[in-house]
Amino acid sequence: MCLGIPGRIVSITENQLAEVDFSGVRREVSLMLCPELEVGDYCLVHVGFAMQRLDPAEAQETLELLDQFLEASGESP
Amino acid sequence: MKDKKITLSHGAGGRLSHDLIEEYFLPCFDNDLLRALDDSAVIPMQSEQANRLAFTTDSYVVKPLFFPGGDIGRLAICGTVNDLAMAGARPLGLSASFILEEGLPIEDLERILASMKGAAEEAGARVVAGDTKVVEHGAAEGIYITTAGVGQIPEDVAIGSAQAKPGDVVMVSGPLGDHEIAVLMARGEFALQGEVESDCAPLNGLVEAMLEVCPEIHSLRDPTRGGLATVLWEIVNSSKVGVIIDEGEIPIRDQVRAVCDLLGFDPYYLANEGRLVAFMPQGEAKAVLKAMQAHPLGGEATIIGKVTAENPGKVLLHTPIGGHRLLEPLSGEQFPRIC
Amino acid sequence: MNPHKSPDEGKLAPLLLENIAALADSPMRLMEVCGTHTVAIFRSGIRSMLPPGVELISGPGCPVCVTPAGEIDRAIALSRKEEMILATFGDLMRVPGSSSSLQEERASGAAIRVILSPLDAVKIAEENPDKTVCFFGVGFETTSPAIAAAVMEAGRRGLGNFYLLSSQRLIPPAMRALLSGGGVKIDGFILPGHVSVVIGKAPYCFIAEEFGLPGAITGFEPLDILEGIYLLLRQRKEGRTEIEIQYSRVVQEEGNPRARGIMGEVFAPVDARWRGLGTIPQSGLVLREGFSQMDAAQAFDIPYAEVEDPPGCLCGEVLQGLVRPPECSLFGTGCTPEDPVGPCMVSTEGSCAAYYKYGRGAGGDER
Chain A
4 MCLGIPGRIV
14 SITENQLAEV
24 DFSGVRREVS
34 LMLCPELEVG
44 DYCLVHVGFA
54 MQRLDPAEAQ
64 ETLELLDQFL
74 EASGESP
Chain P
4 MKDKKITLSH
14 GAGGRLSHDL
24 IEEYFLPCFD
34 NDLLRALDDS
44 AVIPMQSEQA
54 NRLAFTTDSY
64 VVKPLFFPGG
74 DIGRLAICGT
84 VNDLAMAGAR
94 PLGLSASFIL
104 EEGLPIEDLE
114 RILASMKGAA
124 EEAGARVVAG
134 DTKVVEHGAA
144 EGIYITTAGV
154 GQIPEDVAIG
164 SAQAKPGDVV
174 MVSGPLGDHE
184 IAVLMARGEF
194 ALQGEVESDC
204 APLNGLVEAM
214 LEVCPEIHSL
224 RDPTRGGLAT
234 VLWEIVNSSK
244 VGVIIDEGEI
254 PIRDQVRAVC
264 DLLGFDPYYL
274 ANEGRLVAFM
284 PQGEAKAVLK
294 AMQAHPLGGE
304 ATIIGKVTAE
314 NPGKVLLHTP
324 IGGHRLLEPL
334 SGEQFPRIC
Chain X
15 MNPHKSPDEG
25 KLAPLLLENI
35 AALADSPMRL
45 MEVCGTHTVA
55 IFRSGIRSML
65 PPGVELISGP
75 GCPVCVTPAG
85 EIDRAIALSR
95 KEEMILATFG
105 DLMRVPGSSS
115 SLQEERASGA
125 AIRVILSPLD
135 AVKIAEENPD
145 KTVCFFGVGF
155 ETTSPAIAAA
165 VMEAGRRGLG
175 NFYLLSSQRL
185 IPPAMRALLS
195 GGGVKIDGFI
205 LPGHVSVVIG
215 KAPYCFIAEE
225 FGLPGAITGF
235 EPLDILEGIY
245 LLLRQRKEGR
255 TEIEIQYSRV
265 VQEEGNPRAR
275 GIMGEVFAPV
285 DARWRGLGTI
295 PQSGLVLREG
305 FSQMDAAQAF
315 DIPYAEVEDP
325 PGCLCGEVLQ
335 GLVRPPECSL
345 FGTGCTPEDP
355 VGPCMVSTEG
365 SCAAYYKYGR
375 GAGGDER
């Protein structure tokens with residue numbers, strides 16, 4: 004019940020507002036729920052609010068783990 | 004004329020109306036047929052083995068009037084030329100009727116007319132008849148344009164929504180959704196910043212290039228309101244065939260996709276004003292694709308699917324993970340959603 | 015670059031499906047609680063690829079679908095007031111109330127604005143001091159912290175013309191009600207990934223501990239959903255009943271405590287009526303005393319009247335997973351997206367709309 008879109012923080016103004024880039028499209032996003040976010044961070048955005056930090060390296064890592072696991076389990080019937 | 008704004012007097016039919024036409028409209032659309040200023044334009048038939056006329060009409064009410072990549076004027080010319088082109092017709096003449104709101108800055112009118120002139124030149128089309136009316140402030144939003152277009156169809160061309168055949172290849176001429184997203188962003192309602200430009204362009208040149216290598220193109224449609232999905236649905240119903248589209252092949256710009264993600268829009272329902280969807284026999288596909296890609300408006304042309312005898316009346320999407328699902332036509336307005 | 019999307023989707027998906035098929039030797043009924051999952055499952059084509067042993071049932075996690083028609087009527091009544099601007103999410107525009115919808119009201123001249131963020135409503139209030147602005151807020155725990163933050167911001171800016179009409183609900187109490195009702199047979203849950211970004215893992219533990227069922231907190235990309243299904247099947251194989259986090263790239267075990275804190279500062283839980291599920295204790299949210307001056311339900315004379323479901327409408331049963339949309343006699347005949355009877359057909363993520371739009375007769379999807 005929730006569209007959450009990943010975006011990258013381009014700049015932070017005062018009043019806990021940030022400009023977030025979504026593949027070239029930019030919108031103002033509130034950091035009220037996630038004030039620790041910094042410029043350059045990726046975050047999940049829902050209804051104009053950053054909800055959580057996203058770590059692309061970690062995301063990539065989990066995919067690689069999945070890949071390896073599946074390859075391994077695929078070998079045993 | 005010294006006025007800076009359109010007034011009701013400009014629409015009264017008297018000297019001011021005459022001056023308006025002389026000073027602003029005629030120079031933009033100048034040609035023998037229009038300059039005669041008769042009640043009807045009289046157009047000689049051109050005998051290139053043409054035996055049918057294509058005839059279309061449309062109205063343009065877009066807001067805002069000006070947006071990245073175009074404006075209401077360019078839209079009006081391109082939209083009409085494209086409707087003719089989708090029948091394989093060369094434009095013989097267009098008409099343009101203007102409803103002007105009292106208070107419209109003349110500067111805006113000039114800009115729109117200049118844009119129409121440019122678009123008409125690009126298309127090699129002529130506006131040969133026109134009309135203007137002025138309504139009170141508030142009764143229109145700046146300007147509404149209604150057009151009609153007449154074209155002639157070469158004898159060996161038989162393009163129609165009912166002509167698609169099983170085995171045909173389905174192609175699009177470029178990325179989808181640019182126009183609708185550009186206009187949406189220009190409206191500023193959702194405070195989205197970006198550089199998306201409308202794809203608004205006249206497609207008759209591209210269609211001619213395609214017909215030159217393949218006169219046997221079966222169907223051509225420009226996916227305007229309702230987008231790709233609606234056009235495909237109309238074809239499968241008219242032609243009584245099925246269509247399978249490879250979803251991964253549908254070209255959509257990253258920015259357009261991002262806006263769709265943010266608003267919860269489905270990109271397959273977005274309006275385009277300078278793209279076409281083509282259906283042609285499989286044997287011709289390679290040559291047509293090459294011709295399209297060589298044309299400035301078809302550089303990103305891609306094959307996206309094929310026509311089947313199975314599942315008539317249904318549009319099937321083959322999804323990137325290897326599954327499939329139906330693609331239904333647009334039902335009502337797409338509202339942005341959060342869920 | 016999109017840290018969500020995997021370039022290896024085409025390769026990993028078949029591998030996951032193989033593993034799923036290998037584990038689906040006996041039937042397993044999984045409920046995807048969240049409406050966004052319902053849509054994602056259909057749009058990705060997953061439904062067409064699952065082995066027959068795996069059945070997916072849509073649950074009540076569609077905030078629009080579970081909003082009683084009486085609450086839509088209340089919003090409509092508000093929108094008809096002079097000097098009122100009603101701001102809401104687009105999801106609500108076409109939902110039928112007892113005799114009209116917000117879209118129809120707008121067509122008749124009501125000042126209704128579609129917004130993307132609750133902060134947009136605060137902005138509208140600030141820019142229109144001579145008007146009254148009411149935000150009609152619907153959503154679950156993903157959305158309520160944002161609504162709470164907007165309420166706080168309106169307070170900070172001293173906006174006396176800003177109000178909230180809350181139709182917000184909570185997921186875990188609804189799941190408890192569903193499981194306690196005993197009507198629907200479920201073997202596991204695909205849990206809502208974005209609700210969990212806020213609430214974390216703990217609120218779902220009762221599902222495993224009290225009802226002995228596994229859950230997987232799942233993301234919304236096709237690979238996420240396949241992995242979630244796979245994890246649930248694997249739990250069954252290994253005899254475990256746990257709540258696992260598949261969506262670990264965003265969901266932390268403890269959720270987002272700050273978001274929960276803000277939500278808790280502004281809202282208090284209250285009993286709430288859910289379409290199809292009846293009244294569920296402590297499953298809705300109401301503004302706390304410190305913010306109650308912004309409560310539209312208190313400030314305006316708009317009585318709430320319960321509305322009977324239209325005859326033949328099975329939205330209630332669909333929402334509980336008791337009936338599949340095609341089994342409703344109105345499905346596709348008297349009830350279509352163009353002419354909906356119940357909200358499950360109107361909402362973009364309602365089960366009925368999803369079945370209608372993506373799944374009818376495309377060769378074996380209707381499971």
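Protein chains in written order, with the working numbering: chain A, 4 to 80; chain P, 4 to 342; chain X, 15 to 381.
Each residue gets a CB set at the ideal place from its N, CA and C atoms; glycine is no exception.
Chain P beta carbons: is any one of them nearer than 8 Å to that of residue i?
| i | result |
| --- | --- |
| Cys5(A) | yes |
| Leu246(X) | no |
| Ser62(X) | yes |
| Ile12(A) | no |
| Ile8(A) | yes |
| Lys371(X) | yes |
| Val32(A) | no |
| Arg57(X) | yes |
| Thr3(X) | This structure does not reach residue 3(X), given that chain X is present from 15 up to 381, and the question cannot be answered. |
Does any C-beta atom of chain A lie closer than 8 Å to the C-beta of residue i?
| i | result |
| --- | --- |
| Glu331(P) | no |
| Asp257(P) | yes |
| Leu291(X) | no |
| Glu241(X) | yes |
| Ala417(X) | Residue 417(X) lies beyond the stretch modelled for chain X, which goes from 15 to 381, so this question has no answer here. |
| Asp179(P) | Contrary to the premise, residue 179(P) reads as Leu rather than Asp in this sequence. No - not a single Cβ of chain A is within 8 Å of the one on Leu179(P). |
| Arg469(X) | Past the edges of chain X, shown from 15 to 381, lies residue 469(X), and the structure says nothing about it. |
| Val68(X) | no |
| Gln196(P) | yes |
| Gly267(P) | yes |
| Ala163(X) | yes |
Short of 6 Å in beta carbon distance, which residues of its chain neighbour residue i, apart from the five on each side in sequence? Order them along the chain.
| i | result |
| --- | --- |
| Glu209(X) | With the sequence shown as reference, residue 209(X) is identified as Val, and Glu is not the correct amino acid for it. Result list for Val209(X): Phe154, Glu155, Thr156 and Ile185, in chain order. |
| Ile80(P) | Met119, Ala122 and Ala123 |
| Leu11(P) | Glu105 and Val137 |
| Glu287(P) | Cys217 |
| Asp105(X) | Val78 |
Using C-beta distances below 7 Å, list every residue in its chain close to residue i, excluding the 5 sequence neighbours before and after it, in chain order.
| i | result |
| --- | --- |
| Arg93(P) | Gly154, Gln155 and Asn207 |
| Pro169(P) | Val244, Val310, Thr311 and Ala312 |
| Ala38(X) | Pro65, Gly67, Val68 and Leu247 |
| Asp379(X) | No answer about Asp379(X) holds up, because its pLDDT of 43 lies below 50 and its placement is not dependable. |
| Pro41(X) | Gly67 and Glu69 |
| Arg278(P) | Val175, Ser176, Gly177, Leu179, Asp202, Asp225 and Pro226 |
| Ser394(X) | For residue 394(X) there is no data in the structure shown, the boundaries of chain X being 15 and 381. |
Quick one: is residue i near chain X, going by C-beta distance under 8 Å?
| i | result |
| --- | --- |
| Cys263(P) | no |
| Cys342(P) | yes |
| Glu44(A) | One detail in the question is off: residue 44(A) reads as Asp in this sequence, not Glu. No, its Cβ sits nowhere closer than 8 Å to a Cβ of chain X. |
| Ser20(P) | no |
| Leu40(A) | no |
| Ala191(P) | Note that residue 191(P) corresponds to Gly in the displayed sequence, not to Ala. No, Gly191(P) lies away from the interface with chain X (no Cβ there is under 8 Å from its Cβ). |
Using a Cβ-Cβ cutoff of less than 8 Å, which residues in the same chain neighbour residue i once the five nearest sequence positions on both sides are dropped?
| i | result |
| --- | --- |
| Ala143(P) | Ile102, Leu103 and Glu104 |
| Gly96(P) | Leu36, Ala44, Ile46, Ala128, Arg129, Val130, Val131, Ala132, Gly152 and Val153 |
| Pro9(A) | Phe25, Tyr45, Cys46, Leu47, Val48 and Leu57 |
Relative to chain P, which residues along the region 19-30 of chain A have a C-beta separation below 7 Å, given in chain order? Phe25, Ser26, Gly27, Val28, Arg29 and Arg30
Listed from N- to C-terminal order along the chain, which residues in the region 295-328 of chain P have their beta-carbon within a distance smaller than 8 Å of any beta-carbon of chain X? Asn314, Lys317, Leu319, Leu320, His321, Thr322, Pro323, Ile324, Gly325, Gly326, His327 and Arg328
Counting only Cβ-Cβ distances shorter than 7 Å, please list the residues of the region 21-40 of chain X near chain A, keeping chain order. Asp22, Leu26, Leu29, Leu30, Glu32 and Asn33
Name the residues in the region 126-159 of chain X whose C-beta lies less than 8 Å from a C-beta of chain A; which are they? Leu130, Ser131, Pro132, Leu133, Asp134, Gly153, Phe154, Thr156, Thr157 and Pro159
Chain X contacts from the region 55-69 of chain A (Cβ-Cβ distance under 8 Å): Gln55, Leu57, Asp58, Pro59, Glu61, Ala62, Gln63, Thr65, Leu66 and Leu69
By the 9 Å beta-carbon criterion, what residues does the region 94-113 of chain X contribute toward chain P? Phe103, Gly104, Asp105, Leu106, Met107 and Arg108
For the region 186-204 of chain X against the region 223-232 of chain X, are there 3 or more C-beta pairs whose distance is under 8 Å? yes
Going residue by residue through the region 254-302 of chain X, where are the continuous beta strand (DSSP E) segments of at least 3 residues, counting only ones entirely within it? 257-259, 281-288 and 292-301
Short-range partners of chain A found in the region 308-331 of chain X, where Cβ spacing is below 9 Å: none
Does the region 92-104 of chain X come close enough to the region 300-319 of chain X that 3 or more CB-CB pairs lie under 8 Å? yes
Are the region 327-337 of chain P and the region 226-238 of chain P touching by the rule of at least three beta carbon pairs closer than 8 Å? yes
Ignoring anything shorter than 4 residues, give me the alpha helix (DSSP H) runs that lie fully in the region 277-314 of chain P, in order along the chain. 288-296
Short of 8 Å Cβ to Cβ, which residues in the region 255-272 of chain X face chain A? Ser262, Arg263, Val264, Val265, Gln266, Asn270 and Arg272
For the region 201-243 of chain X, list the beta strand (DSSP E) runs that are entirely contained and at least 3 residues long, ordered along the chain. 202-206 and 229-232
Interface positions of the region 232-261 of chain P facing chain A (Cβ-Cβ less than 8 Å), listed along the chain: Asp257, Gln258, Arg260 and Ala261
Can you list, in chain order, the stretches of the alpha helix (DSSP H) that have 4 or more residues and sit fully within the region 4-56 of chain P? 18-23, 29-32 and 35-38
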